[in-house]
Amino acid sequence: MRKVTTLRSARSLCLGVAACAAALALAGPGTPALAAGSAQHALLPPGARSTHLTPGQDQRAVAPTGTPAQPAAGAWAAIPAYPTPIEDNVVADNDGTLYSVSGFNGRSRTAEVYAYTPGGAWKQRANIPVPRENGSGAFLGGRLYVTGGWGPDGSPAAATNVYDPAADAWTTAAPAPAPAAAAATAVLDGSLYTIGGCTGTGCTTTDAVTAYDPATDTWTSKANYPVKAAYIACAAMADTIYCAGGNTGTAQLSSAYAYDPGRNRWSRTTDLPEDLSASASAAVDGRLLVQGGFADNGLTVTDRGWSFDPATGAWTALPAAPAPAARSGSAPDGSGFYVVGGRRTLDYATVSAASQVLTTG
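The sequence shown begins at -1 in the working numbering and counts up by one.
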């Protein structure tokens, strides 16, 4: 099920349906509209992408685009709705409990934090000190680290807030040296990676990659991502980070890349079967799952999803989600893949509280 909608947001620059979609896909709620030139990717064919390689990136042959296959095994099931409509929230799992932090509730940035244990209900926890939209976060050593995202003043927040679930309390860690919103997140070798994203109050895309080590409370720059992009789908498996899709501000992406930390290099892998950005993503059962997001060159919100197997380099279709969604929070839990909130159409007024889990085992 897919739906094209006219744009009602007064915060975005509208030069026709395609331009509105491009602007809304990148601009954070409450942030200034994108410049007119940044919406031109809507004129490009679906899957238009950059092939430019910069230092630190592998120039080996590009793998062929994946061919859609039969849907992967699994089924979607509803879980209790989130207490409020929500999008751009940080979602992470800790020992079977799912946490959702901050985001946009359809009216404003929220500092609220909720926890969900399967079979139970969402329970409120201590608010995050710095509310943010489209932040990056993950559990490291039993604590939830949250950084970046559009903060209270509309620009990416450098503050790194650390949540201790046992104490239900927040502390601080080293601030991000180059904060971004809508950056992809992955955990590799005990460090939190942020990949690409938006700088400034709007969305000037970046290719910066940074890693935070909680053992030393320090940030380290890594090899730049091959494309300046935001809303990329990433996850780490074994000793590699896999990323796919995203939006450059002028093009929706279907390109996919793998990061080798030992060589500190990115290499091209099999492209997504379609262009996607602002998708839910996670590593489950040794595969990168990419679900929903903006599709069809940014003109629709989709219920489609894909599973990437690094062993074969192939993409397989996931079962269609119960409803289309973009800018949802997501996290893996064992053999499950949780998706919390998100918007149903291009219009931020359709932000939803609906949440579900895809069981893949």
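No residue lacks a Cβ here, since even glycine has one placed at the ideal position from N, Cα and C.
Note that this is a predicted model, so its numbers are computed, not measured.
Where the beta strand (DSSP E) containing CYS232 begins and where it ends: Here residue 232 refers to the residue found at position 234 of the sequence shown. 231 to 235 is the extent of the beta strand (DSSP E) around CYS232.
Any idea which residues DSSP pairs GLY334 with across the strands? The residue labelled residue 334 in the question sits at position 336 within the sequence shown. Answer by DSSP bridge pairing, in chain order: ASP331, THR357.
Thinking C-beta only, is VAL282 closer than 7 angstroms to TRP304? Position 306 of the sequence shown holds residue 304. Position 284 of the sequence shown holds residue 282. In this structure, VAL282 does not lie closer than 7 angstroms to TRP304 by Cβ.
From GLY117, ALA165, SER353, pick the residue whose C-alpha is nearest to that of ASN125; which is it? Residue 125 sits at position 127 when you count from the first residue of the sequence shown. The shortest C-alpha separation from ASN125 is found at ALA165.
Helix, strand or coil: which one does DSSP assign to TYR80? Residue 80 sits at position 82 when you count from the first residue of the sequence shown. Reduced to three states, the DSSP call for TYR80 is coil.
Is it buried or exposed, GLN122, if we count other Cβ atoms within 10 angstroms and call 16 or more buried? The sequence position of residue 122 within the sequence shown is 124, counting from 1. Exposed.
Mind checking whether ASP294 and ALA319 have CB atoms under 7 angstroms apart? Walking along the sequence shown from the start, residue 294 turns up at place 296. Walking along the sequence shown from the start, residue 319 turns up at place 321. No, Cβ-Cβ distance for ASP294 and ALA319 is not below 7 angstroms.
Okay, do the segment 251 to 261 and the segment 210 to 217 touch, 3+ Cβ pairs below 8 angstroms being the bar? no
Quick check on TYR346: does DSSP put it in helix, strand or coil? Translated into positions along the sequence shown, residue 346 becomes position 348. In this structure, TYR346 counts as helix in the three-state DSSP scheme.
For ASN92, which three-state DSSP category applies? For the purposes of this step, residue 92 is taken as the residue at position 94 of the sequence shown. The answer is strand: DSSP assigns ASN92 an E or B state.
Identify, in the order they occur along the chain, each residue of the same chain with its Cβ nearer than 7 angstroms to the Cβ of PRO330, setting aside the five sequence neighbours on each side. Indexing the sequence shown from 1 puts residue 330 at position 332. The residues are ASP91, ALA280, ALA281, VAL282.
Cα-Cα, which of ALA221, TRP148, ALA184 is closest to TRP360? No statement about residue 360 is possible, as the shown extent of the chain runs from -1 to 359 and does not include it.
Apart from the five residues just before and just after GLY64, which ones in its own chain have a Cβ nearer than 6 angstroms to its Cβ? Walking along the sequence shown from the start, residue 64 turns up at place 66. The predicted model places GLY64 with a pLDDT of 38, which falls under 50 and marks its position as unreliable, so this point remains unresolved.
Excluding the five sequence neighbours on either side, which residues of its own chain have a C-beta within less than 6 angstroms of the C-beta of LEU356, listed in chain order? If you number the sequence shown from 1, residue 356 lands on position 358. Result list for LEU356: GLY72, TRP74, PHE335, in chain order.
Helix, strand or coil at THR267 [DSSP, three-state]: Reading the sequence shown from its first residue, position 269 is the one you call residue 267. DSSP places THR267 in strand when its eight states are reduced to three.
Could you say which of ALA136, GLY244, ASP187 lies nearest to ASP205 if we only look at CA atoms? As a working note, residue 205 is residue 207 in the sequence shown. Cα-wise, what sits closest to ASP205 is GLY244.
Anyone know if the C-beta pair for VAL225 and ALA278 falls short of 7 angstroms? The count along the sequence shown starts at 1 and reaches residue 225 at position 227. The count along the sequence shown starts at 1 and reaches residue 278 at position 280. No.
Among VAL89, ASP93, SER106, the one whose alpha carbon lies nearest that of VAL99: As a first step, residue 99 is located in the sequence shown; it is residue number 101 there, counting from the start. It is VAL89.
What's the call for ASN262, buried or exposed, on a 16-neighbour Cβ count within 10 Å? Here residue 262 refers to the residue found at position 264 when the sequence shown is read from its first residue. Exposed, because fewer than 16 other Cβ atoms sit within 10 Å of the Cβ of ASN262.
Secondary structure at GLU131, three-state DSSP: helix, strand or coil? In the sequence shown, the residue the question calls residue 131 occupies position 133. DSSP places GLU131 in strand when its eight states are reduced to three.
Determine whether the beta carbon atoms of GLY200 and ALA180 lie at a separation below 7 angstroms. Taking the sequence shown and counting its residues from 1, the one referred to as residue 200 is at position 202. Taking the sequence shown and counting its residues from 1, the one referred to as residue 180 is at position 182. No, the Cβ-Cβ distance between GLY200 and ALA180 is not below 7 angstroms.
Give every residue of the same chain whose Cβ lies closer than 8 angstroms to the Cβ of TYR223, excluding the five residues on either side of it in the sequence, and list them in chain order. As a working note, residue 223 is residue 225 in the sequence shown. Closer than 8 angstroms at Cβ, skipping near neighbours: ILE193, GLY194, ASP205, ALA206, VAL207, ILE230, CYS241, TYR255, TRP264.
6 angstroms CB neighbourhood of VAL144 in its chain, flanking five on each side removed: Against the sequence shown, residue 144 aligns to sequence position 146. Correct list, in chain order: VAL88, VAL99, GLY133, GLY135, ASN159.
Kindly list the residues whose CB is nearer than 7 angstroms to the CB of TRP168, restricted to its own chain and excluding five residues on each side of it in sequence; keep chain order. Against the sequence shown, residue 168 aligns to sequence position 170. Cβ within range, chain order: ALA124, ILE126, PRO127, ASN159, VAL160, TYR161.
Span of the beta strand (DSSP E) holding ASP162? Here the question's residue 162 lines up with position 164 in the sequence shown. Where ASP162 is concerned, the enclosing beta strand (DSSP E) stretches over 158 to 162.
Suppose you measure from the CA of ARG130 to the CA of ASP237; what does that come to, to the nearest Å? What you label residue 130 is simply residue 132 of the sequence shown in a count that begins at 1. What you label residue 237 is simply residue 239 of the sequence shown in a count that begins at 1. About 30 angstroms.
Would ARG104 and PRO83 qualify as a contact pair, given that the criterion is a beta-carbon distance under 7 angstroms? In the sequence shown, residue 104 corresponds to position 106, counting from 1. In the sequence shown, residue 83 corresponds to position 85, counting from 1. Rather than Arg, the amino acid found at residue 104 in this sequence is Gly. Going by C-beta atoms, GLY104 is nearer than 7 angstroms to PRO83.
Quick one, are the C-beta atoms of ALA276 and ARG342 less than 7 angstroms apart? The residue you call residue 276 lines up with position 278 of the sequence shown. The residue you call residue 342 lines up with position 344 of the sequence shown. No.
Neighbourhood of SER328 by C-beta distance below 8 angstroms, restricted to the same chain and skipping five residues each side: Your numbering for residue 328 matches position 330 in the sequence shown. Cβ within range, chain order: VAL89, ALA278, SER279, ALA280, GLN289, PHE335, TYR336, VAL337, VAL338.
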